[in-house]
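A.B. asks: First the structure, then my questions, so here it is.
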Amino acid sequence: MNGLLKPAVALMSQLSYPRKMIVISLLFMVPLVVVSYLLVGELGGKIESTEKEQRGLEYIKTVRQIYQHFPQHRGMTNAYLNGASVFREKILAKREAIKSDIAAIDEIDDRYGDEFGAHERWASIKSEWASLEQRAFDGAAAAIFASHTVLISNVYALFEQVSNQSGLVLDPNINTSFIMDAIVYRIPLATENLGQSRGMGSGVAARGSVTLKQRVKLGMMLANIDSNFGSAEESMKIAFRENEGLEGELGSMLVEAKSATAGFAGMVKKKILEAEFINAESDAIFAAGTAAIKASYKLYDAMVPALDNLFEERIGQLASTRNSLLIVIFLSITLVAYLFLGFYFAVVNAIQSLDRSVSKIAGGDLTVKVDSGTKDELSNIAEALNGMVSHLRGTVTRLGDHASLLASASTELSATTEQSKNGAQDQQKQTEQIATAMNQMSITIRDIAANAETVSSDAHKADHEASTGGEVIRKTIVAIENLAAEVGSSATVIHELEKNSNDIGSVLDVIRSIADQTNLLALNAAIEAARAGEHGRGFAVVADEVRTLAGRTQESTAQIQEMVESLQGHTKEAVDVMESNKHHAEEMAGQAVGAKSSIDRIVDTVGHIMDMTTQVASASEEQSVVAKEIDRNVLQVTDVAHASVAASGEIAIASEELARLATELQGEVAHFKT
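The working numbering puts the first residue of the sequence shown at 32, with every later residue one more than the last.
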């Protein structure tokens, strides 16, 4: 842990407290600000996305009117072209309504068309309508009906484009996405199928006959109505579960639209699809279809503001969350900055207080009471300083008392030392006389023993050289024995290597056998694959690959076998060489043992010679030793006398210095205030 914190400790140790605070604050504030920015940005993005969905919903709501009026115009025109001339005035009135719808869509397209990329598609729809309006009364019923259907499908495509571009189709919330699905997809598709069924049904009723193609198409449209309306109903039920109170607003309208749709579908089935003869009135079919469509659009028109309200609620919640987050972030940053400033000034004030107290202590005032003003680690430092000052105060007091005693003792010691110095000088003179006499006697004795010592020295040298030769021979024997042992170990290792190479050869035989079996199995597999014909072609390819791999394995095994055989040959040669070296080493060890025995006998002979020489020199040495001992003792006494005199002088000087230091120490102690 200390190693892990070492870089941080090194960095903080180089910074002053203000810079430390700035670094730590930045390390906390930068991630906080970045995360806060991202969160606020995300919430703002969600708000913007929801507002964009609202604009898309407003665009779709405006287009919805013309999406309802185009099918009505198609149905009335189809009935008119099939003989129901009473619809002419209604058609003209509907065109006026469509004209108003176009003006409203132009306005909304000017506001949001660029954002949703709808300008071009809307301009194409207007162009198609202008062309259809001019030829609607004069064209063939089927062609005009088909043109209306294409025009309506283009309006529905405009629905989808706006839904995609505004993000409605990607709405992430389950409480709104199912309502959006019903508004953008399910109900428009159901109403379009209702409109086509109404137009075709009223046309069939006006003509009084129905073709097989019309029956099939009417049946398919009724099935689509049931499917789309059923999907819309399921979406609404999910939305009801996710939004409390929504069922109260839209539930009755959903039931009404479902009932009207079922009534129209039932009328078409009974009067047209299941009837042997067409006995339906065109007005009745058209009115029933219109009622179903109106009920559906009544539900649709109620769902749009409900969805818009849900968007408003979401925006309000997101804005509230964003504002709350901003407030929390602001308060957190403010509180953290406030606490950091408090922490900084608390630390700085405590350090300044400690600095003032330490300065007084350094000036000699030991009566200071250190107080950091905090209850943290700095207070521990203050307590430690108080303990140190208290201990230092006691030490200085005791030191002053001891300095006084030391001054008195040093004065007495100086007087006593002077007396000792005079006695030592007298002793020195007497000892020097004795030393001169003993020195002369010692010179005479040394001359007597000189010759005996020379003979003894030569004998010692001979004994030493013989012992050294014996030791060299012994080490040589040990080295040769070790060499023989290592050669034997190397021979053992080479034998093991030879055995292992033989084992590798056995393993290669097994691998070669496996490769032969694999090759045989692959050949059998290829034969079986050939018998299987087309079905075995893939297996034959695998078998060829396996046979190829087996062949490569055999080739590799043969190469390895050649290398192993070469290794075995070289290993055999190494074994023979090692065995020969082992025998030579053993012979050398035996010869070295014989040489050692000869050297041992030489050492014994030289030892006897040295003993006799030692006995000859013994008497002279003993006399010389005694004389030297007496001379040395006398010299030691003389040296002691000299040392005593010198020491007495040094002690006198030291006593004077000690007295001076004691006086200075008293002055230094007096500097402290206790």
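For glycine and all other residues, C-beta sits at the position ideal for the given N, C-alpha and C.
Predicted, not measured: the structure shown is a model, and the values here were computed from it.
#1: Let me confirm a value: Ser-240 is counted as buried when at least 16 other C-beta atoms fall within 10 Å, else exposed. Which label applies?
#2: Looking at Gln-99 and Thr-292, is the spacing between their C-beta atoms short of 8 Å?
#3: Go ahead and label Leu-199 buried or exposed: buried means 16 or more other beta carbons lie within 10 angstroms of its beta carbon, across all protein chains shown.
#4: Taking the alpha carbon of Glu-138 as the point to measure from, which residue in Asp-386, Phe-101, Lys-92 and Met-284 has its own alpha carbon closest?
#5: Could you tell me the boundaries of the alpha helix (DSSP H) in which Thr-242 lies?
#6: Alpha carbon to alpha carbon, what distance is there between Glu-73 and Lys-300?
#7: Kindly indicate which three-state DSSP category Asp-575 falls into: helix, strand or coil?
#8: So, Ile-316 versus Gly-250, is the Cβ gap smaller than 8 Å?
#9: Quick one, are the C-beta atoms of Met-107 and Ile-97 less than 8 Å apart?
#10: Taking buried to mean at least 16 other C-beta atoms within 10 Å of its own C-beta, is Asp-141 buried or exposed?
#11: If we count Cβ pairs, one from each stretch, closer than 8 Å, do we get three or more for the stretch 282-298 versus the stretch 347-357?
#12: Between Arg-345 and Gly-75, what straight-line distance do the alpha-carbon atoms span, to the nearest angstrom?
#13: Thinking just about the alpha-carbon of each residue, which of Arg-95, Gln-590 and Gly-114 is nearest to the one in Ser-313?
#14: Below 8 Å between beta carbons: does that hold for Asn-109 and Ala-172?
#15: Report the CB separation of Ile-156 from Asn-185 in whole angstroms; it is logged as a contact under 8 Å.
#16: May I have the straight-line CA-CA distance separating Met-43 from Val-427, to the nearest angstrom?
#17: Look at the alpha carbon of Val-647 and the alpha carbon of Ser-628, and state the distance between them as a whole number of angstroms.
#18: Measuring CA to CA, which of Ile-256, Gln-192 and Phe-376 is closest to Glu-146?
#19: Assuming Met-52 and Tyr-369 form a contact by the criterion Cβ under 8 Å, report the distance between their Cβ atoms to the nearest whole angstrom.
#20: In the structure shown, what three-state DSSP assignment does Lys-530 receive?
#21: Report buried or exposed for Leu-362, applying the criterion of at least 16 other Cβ atoms within 10 angstroms of its Cβ.
#22: Taking the alpha carbon of Asp-202 as the reference point, which residue from Glu-79, Leu-189 and Glu-502 has its own alpha carbon closest?
#23: Under a Cβ-count criterion, where at least 16 other Cβ atoms within 10 Å of its own Cβ denotes burial, should Ile-218 be classed as buried or exposed?
#24: Using 8 Å as the threshold, is the C-beta distance between Met-60 and Ile-358 below it?
#25: Identify the continuous alpha helix (DSSP H) that holds Phe-147 and give its terminal residues.
#26: What are the boundary residues of the alpha helix (DSSP H) that includes Val-66?
#27: State yes or no: is the C-beta of Met-40 within less than 8 Å of the C-beta of Leu-46?
#28: Around the Cβ of Gly-87, are there at least 16 other Cβ atoms within 10 angstroms (buried) or fewer (exposed)?
#29: Taking 8 Å as the cut-off, decide whether the C-beta atoms of Val-379 and Tyr-68 are in contact.
C.D. replies: Considering the structure as presented:
#1: With a threshold of 16 other beta carbon atoms within 10 Å, Ser-240 falls short and is exposed.
#2: No, the pair does not count as a contact, with Cβ atoms beyond the cut-off.
#3: Label assigned to Leu-199: buried.
#4: Nearest option by C-alpha distance: Lys-92.
#5: Note, Thr-242: premise wrong, no alpha helix (DSSP H); not H, not E.
#6: Roughly 53 Å between the two C-alpha positions.
#7: Three-state result, Asp-575: helix.
#8: Against a cut-off of 8 Å, the Cβ pair of Gly-250 and Ile-316 comes out as no contact.
#9: Not closer than 8 Å, so no.
#10: Exposed, since its Cβ has fewer than 16 Cβ neighbours within 10 Å.
#11: Flag = no, the stretch 282-298 and the stretch 347-357 do not touch.
#12: Straight-line Cα distance between these residues: approximately 12 Å.
#13: When C-alpha distances from Ser-313 are compared across Arg-95, Gln-590 and Gly-114, the shortest belongs to Gly-114.
#14: Taking 8 Å as the Cβ cut-off, Asn-109 and Ala-172 qualify as a contacting pair.
#15: The pair is a contact, with the Cβ atoms about 5 Å apart (cut-off 8 Å).
#16: In this structure, the CA atom of Met-43 is about 37 Å from the CA atom of Val-427.
#17: Low confidence applies here, because Val-647 scores a pLDDT of 47, under 50, leaving its location unreliable; read the following figure in that light. Whole-angstrom Cα-Cα distance: 30 Å.
#18: For the set Ile-256, Gln-192 and Phe-376, the Cα lying nearest the Cα of Glu-146 is the one of Gln-192.
#19: Actually they are not in contact, since the Cβ atoms of Met-52 and Tyr-369 sit about 13 Å apart, beyond 8 Å.
#20: In this structure, DSSP gives Lys-530 a helical state, which the three-state scheme calls helix.
#21: Exposed.
#22: That would be Glu-79, whose Cα lies nearest to the Cα of Asp-202.
#23: Under this definition Ile-218 is a buried residue.
#24: Contact annotation: Met-60 and Ile-358 have beta-carbon atoms that are not nearer than 8 Å.
#25: Counting along the chain, the alpha helix (DSSP H) containing Phe-147 begins and ends at 119-147.
#26: Bounds of the alpha helix (DSSP H) holding Val-66 are 48-112.
#27: The amino acid at residue 40 is misidentified as Met; the sequence shows Val. No, the pair does not count as a contact, with Cβ atoms beyond the cut-off.
#28: With a threshold of 16 other beta carbon atoms within 10 Å, Gly-87 meets it and is buried.
#29: With a cutoff of 8 Å on beta-carbon distance, Val-379 and Tyr-68 are scored as not near each other.
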